[in-house]
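Below: the structure, in structure tokens.
There are 2 protein chains.
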Amino acid sequence: MKVRIDRIARDIEIINSFTSTPGRGITRFTFSEPYMQARAYLAEELQKIGARVATTPGGNLCGRIEGGMTGLPSVMTGSHIDSVLHGGRFDGVAGVVAALEAARVMAEEKPAHRHPVDVVVFAEEEGSRFGSVMIGSRAWIGKLTSEDLNRLKDQDGVSYAAAMADAGIAPEAASLLRPGMVKAMIELHIEQSLVLESKGLSIGVVEGINGIKQFAVSLTGVSNHAGATPMGLRHDALQGAARVIAAVEEIAVQEPGATTVATVGVLTCEPGQANVIPGKVRFTLDIRDLDSGRIDQAARRIMSVIQKTCQDRGLAFDIQPRSDTPPVRLSKEVVRLIETTAREKGIKTLRMPSGALHDSSILPEVTEVGMIFVPSKAGRSHCPEEETNLEDIGAGAELLLGAVAKLAS
Amino acid sequence: MKVRIDRIARDIEIINSFTSTPGRGITRFTFSEPYMQARAYLAEELQKIGARVATTPGGNLCGRIEGGMTGLPSVMTGSHIDSVLHGGRFDGVAGVVAALEAARVMAEEKPAHRHPVDVVVFAEEEGSRFGSVMIGSRAWIGKLTSEDLNRLKDQDGVSYAAAMADAGIAPEAASLLRPGMVKAMIELHIEQSLVLESKGLSIGVVEGINGIKQFAVSLTGVSNHAGATPMGLRHDALQGAARVIAAVEEIAVQEPGATTVATVGVLTCEPGQANVIPGKVRFTLDIRDLDSGRIDQAARRIMSVIQKTCQDRGLAFDIQPRSDTPPVRLSKEVVRLIETTAREKGIKTLRMPSGALHDSSILPEVTEVGMIFVPSKAGRSHCPEEETNLEDIGAGAELLLGAVAKLAS
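Residue numbers (the numbering used here), protein chains in the order written: chain A, 1 to 409; chain B, 1001 to 1409.
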């Protein structure tokens, strides 16, 4: 059994012909006209290989190829086709076309499989239209109710439920996804970072989704004349912040395993004049790791640097927690199965965390989940320059096929 | 001869009764109604002691007390009464009331003096109304022409020249201030910083006005996902900037004499999102010293840190000079005369640079200039909290009186 790269390339081409911003990247908001055109193409391709196609709660598309036995849980694979504004050609699409091609090969070669195989297109993963991410998968497992789907609105005030109805789709399979209904789920996705490229690898095996803690920090000193205040008499909030920011990097780098990432993405100075010493500096702090203990440890160490720096420099500080998303561990069994399959096919892999959230962060509540990453050129994503080699997507699809076939056997 | 603090207190009270923002600090823009009321009070007080009052080119008020000999150059003292928006009660006013009180005592006690004494109220020192600082003194010495005064406009489009005419004043003494016309000029001013207070001194003797070099710096790295990009693969512009900012302080502190001050007052991150690594950071750099060699040395050392930091971190940089004001050395003779007079009166002094610009930065082109600083509480200035002890102003006025009397003798 082998996937065909030419068919994958054609699928990518056709799906990306549907965009609201031709020539300026891919813009394909959930339930928009280009979205429904791409979705119709996928439904048709799934029907061609004998799949039974249905819309699930939350507006996800699910194409099922039945297995040799009835009543067994399915093996699921898929991703999303909605995009950010002026996004790229591969975020989501790579996983959908890999799943479709894997299903095609299984339909053609008919390996003995008892479990049904589900190819899924999750709706509104990016949150670009309705302002909230992974709506389709969260609604399917019952984490969002129909009231939620009436409440979530786009910029024009159209609700998620109304947009679904306007697009002419209604959940045919009304039942929610419950534990026991799916044996395992595997999502292929582009990495959206530089790790695989920098190591010259085609495949990453995702062992979990990073947890995130965000804080809003402010340091307060004394705003004074930049010309008349000697260095020794200053309480410069930005000078304090500079030491804290340097420590944020040093602490993240020193964490055992070096998987912790910590970022200051926004910083503002008050009063913000070239000739006035900053009296107040506000900045954000974003700490992520697969291990919540390491997040907390890094946070504690950074807080203690803030405290010490402010004490030394006569500054006051304020630290407000802003968000706290716990890490998600993916299935050890599925991770091992993917790795074993890769070894059999002679594909080198790297275990890694996912820094970004995916529908695969939601599904561990109902099934065993694994993810396959393929490289992003220069780590670029969510932009028209987003690029992944067809050969890498091919290798990922080949691995996905092998793993899904084994799980379904 | 002794100045009277009660008269100084009364002058300060009356002048500050004229403000456009009662209860919210002093706002007294040049040639505005409160400005002209304060100016009229000063003209009257000067006339009471027999001074001949005139408006000079540039709209400055000059009250002359004649000396024993005609044709000799005058000894000048004064400051300004225009303020910033919601400013304080002492910036400028302290120097004007000290000059007025010194002239009063000389008029009363009639010490033998051959040289005339000029009490001057310089116009538009702050630049609050016409957007350009020290217009009065620059126009008086011919650095600004009458075309310039027609070109410089306030927010309502009223030119400096028209505002003068509207206020009903025209230069009676049409002649510019030329070398030889003034023997020496001494300005008393509040320090606007913390040095005197921190040393428990009442008097600073200003030996020069700091020169200023300002730069606009930008560091460019790669903007990437804060969750998906491992620390080792980042080119974080803000992490680079943090090292540079820390070095700015360290280099200034290490400069010999420790008179150099260096400040980063504004910093912005792009794209400026909590979950995105800053791809570009822009910041200002302001370096000041009384010695332009030390400014250049600090600038060179900071530039070399920028270069090295960017090389180490794979960042690009751009450095644009923004302004370059050379330092002004005040008169060694006048500085020594003020110090000698202070010693005779048992007043302890500290030689220091002025971090801010004053009319005294302009006048060295035409005469020997000295400045006396009195302490600012907590270094606050340009705000309603600006405060100086009456006793300190009294000590400064006493010293000013002694120095002016000696120079005029």
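Beta carbons are placed, not taken as given, at the ideal position from N, Cα and C, and that holds for glycine.
Quick caveat: nothing in here was measured; it's all calculated off a predicted structure.
Interface annotation, Glu191(A): in contact with chain B, CB-CB separation under 8 Å.
Under DSSP, the beta-bridge partners assigned to Glu1368(B) are Ala1184(B).
Look at the stretch 213-233 of chain A: the residues with a C-beta under 7 Å from a C-beta of chain B are Gln214, Asn224, His225, Ala226, Gly227, Ala228, Thr229, Pro230, Met231, Leu233.
Residue environment for Leu1407(B): buried (at least 16 other C-beta atoms within 10 angstroms of its C-beta). Proximity of chain A to Ser1198(B) at the Cβ level (cut-off 7 Å) is accounted for by Leu233, in chain order. Nearest CB-CB separation between Thr1349(B) and chain A: not below the 8 Å threshold.
Take the alpha-carbon of Phe1130(B) and the one of Asp324(A): they are about 51 Å apart. Residues of the same chain with a CB within less than 6 Å of the CB of Cys1062(B), apart from the 5 flanking positions on each side, are Ala1054, Thr1056, Asp1118, Val1120 in chain order. At least one CB of chain B lies nearer than 8 Å to the CB of Ile277(A). Excluding five sequence positions before and after Met1185(B), the CB atoms of its chain that fall closer than 6 Å to its own CB belong to Met1076, Leu1363, Thr1367, Val1369, given in chain order.
Counting along the chain, the unbroken alpha helix (DSSP H) around Ser1304(B) starts and ends at 1292-1313. Note on geometry: alpha-carbon atoms of Gly67(A) and His115(A) lie some 5 Å from one another.
For the pair Leu1201(B) and Lys1377(B), the CB atoms are not nearer than the 8 Å cut-off.
Annotation: His358(A) to Leu194(A) spans about 18 Å, alpha carbon to alpha carbon. Considering only Asp1148(B), Glu1172(B), Asp1286(B), the residue with the shortest C-alpha distance to Ala1162(B) is Asp1148(B). Look at the beta carbons and you see the stretch 1141-1161 of chain B not touching the stretch 1005-1024 of chain B: under three pairs across the two are nearer than 8 Å. The DSSP assignment places 135-140 as complete runs of the alpha helix (DSSP H) inside the stretch 120-149 of chain A, in order along the chain (cut-off: 4 residues). Three or more Cβ pairs closer than 8 Å define a contact, and the stretch 1040-1053 of chain B meets that threshold against the stretch 1097-1109 of chain B. Here the stretch 208-215 of chain A lies against the stretch 279-299 of chain A, with 3 or more beta-carbon pairs under 8 Å apart.
Residue state for Met352(A) is assigned as strand, using DSSP reduced to three classes. Nearest C-alpha to Ile1135(B) among Asn1060(B), Gln1047(B), Glu1339(B): Asn1060(B). For the stretch 1364-1397 of chain B, the beta-carbon criterion of a distance under 7 Å to any beta-carbon of chain A is satisfied by Gly1379, Ser1381. Straight across, the Cα-Cα distance linking Pro1375(B) with Gly1394(B) is about 12 Å.
Pro179(A) and Pro22(A) have their C-alpha atoms some 41 Å from each other. The C-beta distance from Gly1088(B) to Glu1125(B) rounds to 14 Å, too long to meet the 8 Å contact threshold. Taking C-beta separations shorter than 7 Å and ignoring five residues to either side along the sequence, the partners of Ala226(A) in its chain run Asn275, Val276, Ile277, following chain order. For Thr55(A), the three-state secondary structure derived from DSSP is strand. Spanning the alpha carbons of Phe1373(B) and Gly1396(B) requires a straight line of approximately 8 Å. Within the stretch 44-97 of chain A, the complete beta strand (DSSP E) runs of at least 3 residues fall at 52-55, 61-65, 74-80. By DSSP's assignment, Arg1288(B) forms a beta bridge with Ile1212(B), Val1261(B). Put simply, of Lys1153(B), Gly1157(B), Ile1203(B), Phe1029(B) the residue whose alpha carbon is nearest the alpha carbon of Glu1339(B) is Ile1203(B).
Of all residues in the stretch 283-305 of chain A, the ones placed with a Cβ closer than 7 Å to any Cβ belonging to chain B are Thr284, Asp286, Arg288, in chain order. By the neighbour-count definition (other C-beta atoms within 10 Å, threshold 16), Leu188(A) is a buried residue.
In this chain, Thr30(A) is not harboured by any beta strand (DSSP E), its DSSP state being neither H nor E. When rounded, the separation of the alpha-carbon atoms in Leu401(A) and Ala102(A) is 5 Å. In this structure, Thr220(A) sits near Lys280(A), with a CB-CB distance shorter than 8 Å.
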